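Counting in UniProt numbering, the sequence shown runs from 1 upward without gaps.
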Amino acid sequence: MTFDRYVALGDSFTEGVGDPDPTRPHGVRGWADRVAEVLEHPGFGYANLAIRGRKLRPILAEQIEPALALRPDLVTIHAGANDVLRPRVDLDGLVADYDVAIGRLVAGGAHVVMFTAPDPGPAAVLRTLRGRFALFNELVREVADRRGATVVDLWRMRDYRDPRLWDVDRMHLSAAGHQRMAIAVLDALEVAHELQPLPLTEREPLPTADQVRAHLVWAREHAAPWVGRRLRGTSSGDGLSPRWPTLTR
1 MTFDRYVALG
11 DSFTEGVGDP
21 DPTRPHGVRG
31 WADRVAEVLE
41 HPGFGYANLA
51 IRGRKLRPIL
61 AEQIEPALAL
71 RPDLVTIHAG
81 ANDVLRPRVD
91 LDGLVADYDV
101 AIGRLVAGGA
111 HVVMFTAPDP
121 GPAAVLRTLR
131 GRFALFNELV
141 REVADRRGAT
151 VVDLWRMRDY
161 RDPRLWDVDR
171 MHLSAAGHQR
181 MAIAVLDALE
191 VAHELQPLPL
201 TEREPLPTAD
211 QVRAHLVWAR
221 EHAAPWVGRR
231 LRGTSSGDGL
241 SPRWPTLTR
């Protein structure tokens, strides 16, 4: 496939958090930038409207209209994972709104790529939410089937159980994880490319005591601030604007 106008929508997953690059807006690169670099050709334009921390309905409210105004022929959208993590969520109502938005993007002439959420089974803290994630993902697959969208099924990508594909916060993809995701998106679109997985450094298993200390450091430096923002009703994306708000090379 050849695309001329690519718009990426969503939350931190699409923004590129976990893949640092100080030369780019917000200091990150991410899989969507990597996909755009492969798709680029004379006349090609790329916009990334994703904002970290956004839940599904704010993504739809803030990003769908600007995306449609750019008349894209390709849209990638990742949304919903931040909602599934909340104590209470109406998955059926949430995905019904998602379905309407995907329909609008398709009607506007875009080929849409959607994503399932990862399987939280390997993560002890999130394992109790595995059933909720599974239900959300099945609803996403139904929307994709109904709207003719492409699905990148992260739930079934078992290599993402490797912690080296995740950032130190255990919530966002690492640079290697973003590269792997770019490959998955291009493969799902059947776009020829030469991207290769980034090399992964071998890690020696930690002694039990060191594992406990590492979990405590993670809880203090990453989990506690995340919970604090939830309690205060704030977001890591408050005050941020889209990285690439208009179509650019």
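Glycine is no exception: its CB is placed at the ideal position from the N, C-alpha and C atoms.
Just so we're clear, the structure is a prediction, and the values are computed from it rather than from any experiment.
Query raised in the report: Is it true that the CB of D73 sits closer than 8 Å to the CB of H111?
Result: Less than 8 Å separates the beta-carbon of H111 from that of D73.
Report task. Go ahead and pull the three-state DSSP assignment for P87. Result -> Three-state DSSP puts P87 in coil, outside helix and strand.
Report task. Consult DSSP for I51 and reduce its assignment to one of helix, strand or coil. Result -> In the structure shown, I51 sits in coil (DSSP, three-state: anything other than H, G, I, E or B).
Query raised in the report: Is DSSP giving R161 helix, strand or coil here?
Result: Here R161 sits in helix by DSSP.
Query raised in the report: With burial defined as no fewer than 16 other Cβ atoms inside 10 Å of the residue's Cβ, what is the status of A182: buried or exposed?
Result: So A182 counts as buried.
Report task. Quick one: measure Cβ to Cβ for V95 and M114, integer angstroms, because I've assumed they're closer than 8 Å. Result -> With a Cβ gap of about 11 Å, V95 and M114 do not count as contacting.
Report task. Kindly give me the distance between the Cβ atoms of I102 and P242, rounded to whole angstroms, as I take these residues to be in contact under 8 Å. Result -> 20 Å between Cβ atoms; not a contact.
Requested in this report: Answer with buried or exposed for Q179, where buried requires no fewer than 16 other C-beta atoms within 10 angstroms of its C-beta.
Outcome: Only buried fits Q179, as 16 or more other CB atoms lie within 10 angstroms of its CB.
Query raised in the report: What's the C-alpha gap between S12 and P207?
Result: S12 and P207: Cα-Cα distance of roughly 32 Å.
Requested in this report: Could you tell me the distance, in whole angstroms, from the CA atom of Q63 to the CA atom of V75?
Outcome: Taking the straight line from one Cα to the other gives about 11 Å.
Query raised in the report: Comparing alpha-carbon positions, which option in G239, H193 and T248 lies nearest T2?
Result: Checking every option, the nearest Cα to that of T2 belongs to H193.
Report task. Could you tell me whether the Cβ atoms of T14 and H78 are closer together than 8 Å? Result -> Going by C-beta atoms, T14 is nearer than 8 Å to H78.
Requested in this report: Under 7 Å Cβ to Cβ from P245, same chain only, skipping five residues before and after it: list those, please.
Outcome: The beta carbon of P245 sits closer than 7 Å to those of A47 and L49, all from its chain and outside the five residues before and after it, given in chain order.
**Report entry** H178: first and last residue of the uninterrupted alpha helix (DSSP H) it sits in
**Finding:** Annotation: the continuous alpha helix (DSSP H) that includes H178 extends over A175 to A188.
Report task. Could you tell me which residues DSSP puts in a beta bridge with P118? Result -> Residue pairing by DSSP places P118 in no beta bridge whatsoever.
Query raised in the report: chain B beta carbons: is any one of them nearer than 8 Å to that of A47?
Result: Of the chains in the structure shown, none is chain B; there is only one protein chain.
Query raised in the report: Based on Cα-Cα distance, which residue from T201, D33 and G108 lies nearest to L195?
Result: Measuring from the Cα of L195, the nearest candidate turns out to be D33.
Query raised in the report: If you draw a straight line from the alpha carbon of L60 to that of Y98, how long is it in whole angstroms?
Result: Taking the Cα positions, L60 is about 8 Å away from Y98.
Report task. Evaluate G177 with the Cβ neighbour count: other Cβ atoms within 10 Å of its Cβ, from every protein chain shown; 16 or more gives buried, anything less gives exposed. Result -> Residue environment: G177 is assigned as buried (16 or more neighbouring CB atoms within 10 Å of its CB, all protein chains considered).
Requested in this report: Tell me whether P205 is buried or exposed, calling it buried when 16 or more other Cβ atoms sit within 10 Å of its Cβ.
Outcome: Exposed.
Query raised in the report: Quick one: what's got a C-beta closer than 6 Å to L240's C-beta in the same chain, skipping five residues either side?
Result: Counting only Cβ-Cβ distances below 6 Å, and skipping sequence neighbours, we find I51.
**Report entry** In DSSP terms, what W244 is bridged to
**Finding:** Partner residues in the beta bridge of W244, as assigned by DSSP, are N48.
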